[in-house]
Ligand code: PLP
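Residue numbers (full-length UniProt numbering): 1 to 427.
Here it is as structure tokens:
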């Protein structure tokens with residue numbers, strides 16, 4: 001494949017944008033090489049500026065669950081654009097999407113729209129702190145909840161990719177209120193609660209982690225978190241920015257039958273436009289401004305274009321009784337067939353999968369926390385990534401990310417993907 005135009009565009013971007021990109025993981029720094037500049041996307045495919053096409057397993061990092069530029073969502077956007085881009089005033093549409101979500105997701109009574117997953121998580125912990133009148137939160141190593149200060153401590157995703165999970169610029173004062181635990185290690189959680197009695201406002205978790213690669217909660221981990229939070233008057237926050245409307249319509253809450261006190265959303269909820277949200281019971285959400293004292297706001301919150309794209313996307317998913325079965329089955333096939341090919345090649349690996357999220361770790365052992373994810377063979381992953389790319393398959397450019405499977409991946413895309421895996425050579 002030729003990447004001439006992408007290379008030239010990257011050189012130009014580098015002069016004006018820090019590192020040439022507006023979000024670090026796009027820079028291909030961990031896998032090496034030049035990032036590819038995209039110009040269009042349709043269904044399962046991306047087309048770059050050199051006219052190469054790729055089967056997309058990133059799907060804009062999750063939002064494009066229907067595949068790219070879905071015609072019905074596009075139509076909604078066109079209709080809305082005719083009426084106005086942004087009003088900065090309430091619209092009926094905001095109530096419509098809020099009502100639709102609340103009626104179809106377990107255990108939430110009010111929802112506040114924001115413009116990103118970062119904002120959703122940042123606001124959720126502020127609300128948890130305001131509600132409980134406590135300062136400390138517990139987060140898990142390798143989980144990523146966006147780039148607000150409290151979370152950039154042993155964070156996953158791009159922060160892990162660049163070996164910078166604790167970002168400079170986060171003050172010690174902020175860091176001291178973020179307590180860390182290993183994913184799937186309930187004893188550590190018990191210790192933290194013992195040593196910080198009456199001080200923990202909330203435990204925040206990706207109920208299925210996708211930012212250290214895909215890592216699943218084991219045994220009764222989520223149920224145990226629910227129990228210990230109840231025993232200690234702390235809130236349990238599910239960060240469902242990745243898992244919401246993806247693992248099930250009601251996300252991990254529905255799938256694992258565990259109720260969180262606050263839930264954050266992003267990605268799918270915006271149908272490809274910049275949206276996040278956080279939600280919970282009345283008793284907690286009533287503490288938000290303007291009703292309560294916990295301040296939170298946004299110029300573009302509830303933006304009509306974003307709400308249209310989000311609502312249409314959610315309606316398409318909800319109205320298709322076979323939706324989750326279908327994307328889960330495609331993901332299961334990928335897992336099974338990739339595993340078979342790698343076994344035939346004698347390449348040690350572990351594939352983690354839940355619903356339509358999965359990761360291939362080049363590891364001899366199972367991966368159930370950040371340490372184990374770090375111990376995978378990332379050099380081999382990088383090699384795999386580049387060979388897949390050359391063969392027209394666009395995987396996340398880091399071993400610390402999850403693949404997001406879209407409904408646009410059909411048998412022919414599966415066949416082409418597996419053919420690319422068969423061509424994988426390693427030494
Ligand atoms: N929470 C999780 C679980 C995420 O995966 C992400 C982003 O990938 C975020 C929060 C932050 O969302 P955003 O990038 O929209 O700010």
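Glycine included, every Cβ here is placed at the ideal spot set by N, Cα and C.
By a beta-carbon distance limit of 8 Å, residue 305 contacts residue 273. Their separation comes to about 6 Å.
The Cβ atoms of residue 405 and residue 316 do not sit closer than 7 Å to each other. With a cutoff of 6 Å, residue 358 does not count as near the ligand PLP, since its C-beta is closer than that to no heavy atom of the ligand. Residue 250 sits close to residue 105, with the two beta carbons spaced by under 7 Å. With fewer than 16 other Cβ atoms inside 10 Å of its own Cβ, residue 422 counts as exposed. Bounds of the beta strand (DSSP E) holding residue 357 are 357-361. Taking residue 7 as the centre and dropping the five residues before and after it, the same chain places the C-beta of 34 closer than 8 Å to its C-beta, in chain order. Near the ligand PLP, meaning a beta-carbon closer than 5 Å to one of its heavy atoms, we find 116, 117, 118, 145, 146, 206, 239, 241, 242 and 266. DSSP places residue 385 in the uninterrupted alpha helix (DSSP H) bounded by 378-390.
Under the rule that a run must span 4 or more residues, the alpha helix (DSSP H) segments found entirely inside the region 308-359 read 323-344.
In the three-state scheme derived from DSSP, where H, G and I count as helix and E and B as strand, residue 68 is classed as strand.
Between the region 307-326 and the region 67-77 there are three or more C-beta pairs closer than 8 Å, enough to call the two in contact.
Rounded to the nearest whole angstrom, the CA to CA distance from residue 383 to residue 377 is 10 Å.
Taking every protein chain shown into account, the CB of residue 211 has 16 or more other CB atoms within 10 angstroms, so this residue is buried. Counting only unbroken stretches of 3 or more residues, the beta strand (DSSP E) elements lying wholly within the region 26-74 are 38-42, 45-48 and 53-56, in sequence order.
Sequence-distant Cβ neighbours of residue 153 in its own chain, meaning closer than 6 Å and more than five residues away, are 166, 175 and 178. Straight across, the Cα-Cα distance linking residue 66 with residue 173 is about 42 Å.
According to DSSP, residue 276 shares a beta bridge with 114.
Excluding residues up to 5 positions away in sequence, 146, 241, 266 and 276 lie with their Cβ nearer than 6 Å to the Cβ of residue 117 in the same chain. Around the beta carbon of residue 187, a 10 Å sphere encloses fewer than 16 other beta carbons of the protein chains shown; the residue is thus reported as exposed. Counting only runs of 3+ residues, the beta strand (DSSP E) found wholly inside the region 234-291 occupies 235-239, 262-265 and 276-280, in chain order. When rounded, the separation of the alpha-carbon atoms in residue 95 and residue 141 is 36 Å. In the structure shown, residue 221 adopts helical secondary structure according to DSSP, grouped into three states. About 5 Å separates the beta carbon of residue 218 from that of residue 184, a gap short enough to meet the 8 Å contact definition.
Annotated three-state conformation of residue 179 is strand, per DSSP. Distances from the CA of residue 115 to each of 128, 107 and 86 were compared; the closest alpha carbon is that of 86.
The DSSP-derived three-state label of residue 364 is coil. In the DSSP secondary-structure assignment, residue 393 is bridged to 55.
By the Cβ criterion, the region 13-32 is not in contact with the region 230-237, since fewer than three pairs of Cβ atoms, one from each stretch, lie closer than 8 Å.
Here DSSP, grouped into helix, strand and coil, assigns residue 404 to strand.
Using a Cβ distance threshold of 7 Å, residue 112 and residue 381 do not count as a contacting pair. For the options 290, 280, 293 and 244, the alpha carbon positioned closest to that of residue 269 is the one of 244. Across the structure, residue 3 and residue 409 are spaced so that their CA atoms are roughly 25 Å apart. Listed in chain order, the non-local C-beta contacts of residue 196 below 7 Å within the same chain comprise 136 and 179, local neighbours out to five positions each way being set aside. Counting along the chain, residue 139 sits inside the beta strand (DSSP E) bounded by residues 136-140. Taking C-alpha positions only, residue 369 is separated from residue 192 by approximately 18 Å.
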